[in-house]
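Written below as structure tokens is the structure these notes are about.
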Amino acid sequence: AGDLHLEVAIREHPVFTRDGDDLRATVTIPMTAAALGTTISLETFDGERELEIAPGTQVGTTETLTGLGVGRLRRSSRGDLLVTVNVEVPSKLDAKQRELLEQLAQMRGETNPDVKLGNHHRGPFSRLRDRFNL
């Protein structure tokens with residue numbers, strides 16, 4: 001009797017990526033929705049779900065929908081759906097939109113923002129690798 005070898009190819013999902021028992025996805029919202037907050041509808045494997053986006057949400061914020069991930073082996077529980085927020089900033093503005101944003105910037109004292117470089121935070125593995133010059 002011989003050995004049977006199987007090769008399994010798994011296609012990537014167009015929306016979700018797997019991270020252990022969790023699923024990850026990204027959603028892009030307009031900058032106004034990020035500033036003001038909104039509720040968005042997401043199509044999940046369990047049907048449509050609503051996600052609250054808090055006012056002032058920043059790029060890279062991750063929101064968690066508990067229990068909407070992958071089923072855990074030999075358990076009835078499931079992982080989570082982790083949704084990372086991307087904020088779309090308009091690249092073209094008409095005259096009225098530009099005027100309104102300039103007014104907002106002036107009201108917020110952001111006409112000449114005082115921008116300073118901050119410390120680039122690195123993880124422990126990066127520092128360890130640098131220590132050994134790898």
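Residues 1 to 134 in the UniProt record's numbering are what the sequence shown spells out, letter by letter. Just so it is clear, CB atoms sit at the ideal spot from N, CA and C, and this is done for glycine as well. Here the structure is a predicted model, which is why all the values come from computation and not from measurement.
| message | I'd like the list of long-range same chain contacts for Arg78, defined as Cβ closer than 6 angstroms, with 5 residues on each side in sequence excluded. | response | Sequence index remark: in the sequence shown, residue 78 carries index 78 (1-based). Sequence-distant Cβ neighbours of Arg78 in its own chain, meaning closer than 6 angstroms and more than five residues away, are Gly67, Gly69, Gly71.
| message | Quick test of your reading: Leu42 and Leu51, contact by CB under 8 angstroms. State the CB separation rounded to the nearest angstrom. | response | On the sequence shown, position 42 is the one that residue 42 refers to. On the sequence shown, position 51 is the one that residue 51 refers to. A Cβ-Cβ distance of about 6 angstroms is found for the pair Leu42 and Leu51, placing them in contact under the 8 angstroms criterion.
| Which whole-angstrom value describes the C-beta separation of Leu93 and Asp80, a residue pair presumed to lie in contact below a C-beta threshold of 8 angstroms? | Residue 93 sits at position 93 when you count from the first residue of the sequence shown. Residue 80 sits at position 80 when you count from the first residue of the sequence shown. Not really, about 37 angstroms apart at Cβ, beyond 8 angstroms.
| Would you call the CB atoms of Val83 and Val27 closer than 7 angstroms? | Here residue 83 refers to the residue found at position 83 when the sequence shown is read from its first residue. Here residue 27 refers to the residue found at position 27 when the sequence shown is read from its first residue. In contact: Val83 and Val27 (Cβ atoms closer than 7 angstroms).
| said: List, from N- to C-terminal side, the alpha helix (DSSP H) runs of 4 residues or more that fit wholly inside the UniProt domain "Chaperone DnaJ C-terminal" (1 to 90). | reply: Listed in chain order, they are 31 to 36.
| task | Count the other C-beta atoms from every protein chain shown that fall within 10 angstroms of the C-beta of Ile53, then say buried if there are 16 or more, exposed otherwise. | result | Walking along the sequence shown from the start, residue 53 turns up at place 53. Buried.
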